[in-house]
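Asker: Read in order, the letters of the sequence shown are residues 1 to 349 in this note's numbering.
Glycine included, every Cβ here is placed at the ideal spot set by N, Cα and C.
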Amino acid sequence: MKIKSEDLFERVQELLLAAGESADNTKIVADSLCKADARGVTTHGTYLLTPIFDRVKVGQLALPTSVSLVIDEAAVAIVDGGNGLGPVAGNLAIETSIARARTYGISMVLIRNTNNLGSLAFYTEKIASQGMIAMMSCNAAPAMAPWGGAEAFTGTNPIAISIYTGSEMLFSADMATSVVARGKIRQAAREGKAIPADWALDADGNPTTDPAVALKGTLLPMGGPKGSALALAVDIISGILAGAEHAPNLKSFHAPEGKTGVGGALVTVDISKFMPLAEFKNSMGEYINSLKAMKKAKSASEIYLPGEIEYRREQASREAGVNLDDKAVEVLNRLLEKIGSAQRLEAIV
Ligand SMILES: NC(=O)c1ccc[n+]([C@@H]2O[C@H](COP(=O)([O-])OP(=O)(O)OC[C@H]3O[C@@H](n4cnc5c(N)ncnc54)[C@H](O)[C@@H]3O)[C@@H](O)[C@H]2O)c1
């Protein structure tokens, strides 16, 4: 069903406030969750409100989120996320990395002691739209075996790269290092749907199409050993270097097994330190035009820029409402009922 984006944003803020988050932080977190839904990345959208409430209930999430810089030296910094909500830590990382990149041309800001950072394009796009290039990664609870292994070691450790284009639509590659994000398997399990055989292995290392069985086994890395290598590199930089937890010690955000210990890494490059921004913008315009004018594969009607599909969904959701499945809206309405709100989300008629 389609939900008016302003209504979704307001109800999500109401829920986050009730969970114990501060008024300023609720805006940041609601922005992250609603933007993910609007972009069709529902695995990292308002669906996360359920584990947020579950964690608050067992005292495994420190709200209101309190973040600070524990290392702050020229072009490098480390944000301590205070075991609160990921987007608040990510927001301080964004502000710090933009400011430092403006001074030094490049900055690297790491994050430790936070929780699920959600969809990474949320951070990298905010930076890229300022005339910059942003690269971000984060680690997550064990879900994927290293290539050749049969036990979960790394998480689905995503990587995002967003690049300024001079237009509202950025170059924005944002992906798990597994074939798909674990959330997509959880979503298939919730919806009672089978998964493709190349997404995951069961606990004995056999391919499976059953999402429930896959959740007890391991996810397959994208591109075989190459995805496995990237996931390990992400864990070393976002985990070990950041002073965060790292494989196999991270805990899932979706089960009350203790502090998750998530870490992240953000590298920001100020394009104007390398060439005039207008020159880069012109080159990017020509580059995108020539890419899109290429001869199409038989199966494709269009060549999309990375992030373009999500960008178009976001644009459409502003006009026509955010597309959420009925079950997801039911869950949000139950949470609203639980906090004693008189408000409910309703489909646009
Ligand atoms: N916080 C975490 O722990 C965590 C873990 C894993 C994933 N995630 C997030 O989950 C989200 C989804 O990840 P995913 O790997 O399932 O993404 P995906 O497979 O849906 O998309 C990956 C990338 O491919 C691009 N793409 C897809 N189809 C395309 C096409 N036809 N032409 C051109 N480009 C195309 C997308 O724009 C995107 O940049 C991301 O936002 C990621 O940050 C978060």
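1. Measuring from the CB of A93, is there a heavy atom of ligand 1 at a distance below 7 Å?
2. Beta carbon of K184: closer than 7 Å to some heavy atom of ligand 3?
3. Distance check for T42 and F53, CA to CA, integer angstroms please.
4. Confirm the yes/no value for this check: CB of A242, any heavy atom of ligand 1, distance under 7 Å.
5. Return the bridge partner residues of V262 from the DSSP annotation.
6. Straight-line CA distance for S238 to Q343?
7. With respect to 7 Å, is the separation between the Cβ of A181 and the closest non-hydrogen atom of ligand 1 below this value?
8. Quick check: does the Cβ of N116 come within less than 7 Å of any heavy atom belonging to ligand 1?
9. Indicate whether G264 and G90 have their beta-carbon atoms separated by less than 8 Å.
10. Output the distance between the C-alpha atoms of G84 and Y311, rounded to the nearest integer angstrom.
11. So, for R39: in the same chain, excluding its five sequence neighbours on each side, which residues have a beta-carbon less than 6 Å away from its beta-carbon?
12. When DSSP labels each residue in this structure, what does A77 get in the three-state scheme?
13. Secondary structure at V213, three-state DSSP: helix, strand or coil?
14. May I have the straight-line CA-CA distance separating A255 from I159, to the nearest angstrom?
15. For V179, which of helix, strand or coil comes out of DSSP?
16. Please check the pair V88 and T65, which I expect to be a contact at CB under 8 Å, by giving their CB distance rounded to whole angstroms.
17. Shortest alpha-carbon distance to I271 belongs to which of V262, N282, G261?
18. Considering only heavy atoms of ligand 1, does any lie closer than 7 Å to the CB of L263?
19. Roughly how many angstroms separate the alpha carbons of G217 and T165, rounded to a whole number?
20. Could you tell me whether the Cβ atoms of C34 and L17 are closer together than 8 Å?
21. Could you give the first and the last residue of the continuous beta strand (DSSP E) run that contains S137?
22. Using a threshold of 7 Å, is the CB atom of M175 nearer than that to any non-hydrogen atom of ligand 1?
23. Could you tell me whether any non-hydrogen atom of ligand 1 is closer than 7 Å to the CB of E310?
24. Would you mind giving the Cβ-Cβ distance between G20 and V56, rounded to the nearest angstrom? I have them listed as a contact below 8 Å.
Answerer: Based on what the coordinates show:
1. In the sequence shown, counting from the first residue as 1, residue 93 sits at position 93. Answer for A93: no, Cβ out of range of ligand 1.
2. For ligand 3, the structure offers nothing, since it holds only ligand 1.
3. For the purposes of this step, residue 53 is taken as residue 53 along the sequence shown, with counting starting at 1. For the purposes of this step, residue 42 is taken as residue 42 along the sequence shown, with counting starting at 1. Distance between the alpha carbons of F53 and T42 is about 18 Å.
4. As a working mapping, residue 242 is identified with position 242 in the sequence shown. No - ligand 1 has no heavy atom lying nearer than 7 Å to the Cβ of A242.
5. As a working note, residue 262 is residue 262 in the sequence shown. DSSP, once it has assigned bridges, lists T114 as partnering V262.
6. One-based indexing of the sequence shown puts residue 238 at position 238. One-based indexing of the sequence shown puts residue 343 at position 343. When rounded, the distance between both Cα atoms is 39 Å.
7. Counting from one through the sequence shown, the residue named residue 181 turns up at place 181. Yes, the beta carbon of A181 sits closer than 7 Å to at least one heavy atom of ligand 1.
8. For the purposes of this step, residue 116 is taken as the residue at position 116 of the sequence shown. Yes, since a heavy atom of ligand 1 falls inside the 7 Å radius drawn around the Cβ of N116.
9. In the sequence shown, counting from the first residue as 1, residue 264 sits at position 264. In the sequence shown, counting from the first residue as 1, residue 90 sits at position 90. Yes. Within cutoff.
10. Position 84 of the sequence shown holds residue 84. Position 311 of the sequence shown holds residue 311. Rounded to whole angstroms, G84 to Y311 spans 28 Å at the Cα level.
11. Mapped onto the sequence shown, residue 39 falls at position 39. Once the five neighbours on either side are set aside, the close Cβ partners of R39 are E310, R313, E314.
12. Within the sequence shown, numbered from 1, the residue matching residue 77 stands at position 77. Looking at A77 - three-state DSSP - the assignment turns out to be strand.
13. Working through the sequence shown from its first residue, we reach residue 213 at position 213. DSSP places V213 in helix when its eight states are reduced to three.
14. The residue you call residue 255 lines up with position 255 of the sequence shown. The residue you call residue 159 lines up with position 159 of the sequence shown. Between the C-alpha atoms of A255 and I159 there is a straight-line separation of about 24 Å.
15. Along the sequence shown, read from residue 1 onward, the residue named residue 179 stands at position 179. Here V179 sits in coil by DSSP.
16. Stepping through the sequence shown from its first residue, residue 88 is reached at position 88. Stepping through the sequence shown from its first residue, residue 65 is reached at position 65. Rounded, the Cβ-Cβ distance is 4 Å, consistent with contact.
17. The sequence position of residue 271 within the sequence shown is 271, counting from 1. Nearest of V262, N282, G261 to I271, Cα basis: N282.
18. Here residue 263 is taken as the residue at index 263 of the sequence shown, counted from 1. Note that residue 263 corresponds to Gly in the displayed sequence, not to Leu. No, the beta carbon of G263 sits no closer than 7 Å to any heavy atom of ligand 1.
19. For the purposes of this step, residue 217 is taken as the residue at position 217 of the sequence shown. For the purposes of this step, residue 165 is taken as the residue at position 165 of the sequence shown. Spanning the two alpha carbons is a distance of roughly 40 Å.
20. Numbered from 1 along the sequence shown, position 34 holds the residue referred to as residue 34. Numbered from 1 along the sequence shown, position 17 holds the residue referred to as residue 17. Not a contact, by the Cβ cut-off of 8 Å.
21. As a first step, residue 137 must be located in the sequence shown, where it is residue number 137. Here the beta strand (DSSP E) through S137 covers 132–138.
22. Numbered from 1 along the sequence shown, position 175 holds the residue referred to as residue 175. M175 Cβ: within cutoff of ligand 1.
23. Your numbering for residue 310 matches position 310 in the sequence shown. It does: the Cβ of E310 is within 7 Å (strictly closer) of some heavy atom of ligand 1.
24. Looking up residue 20 in the sequence shown gives position 20. Looking up residue 56 in the sequence shown gives position 56. Right, their Cβ atoms sit about 6 Å apart.
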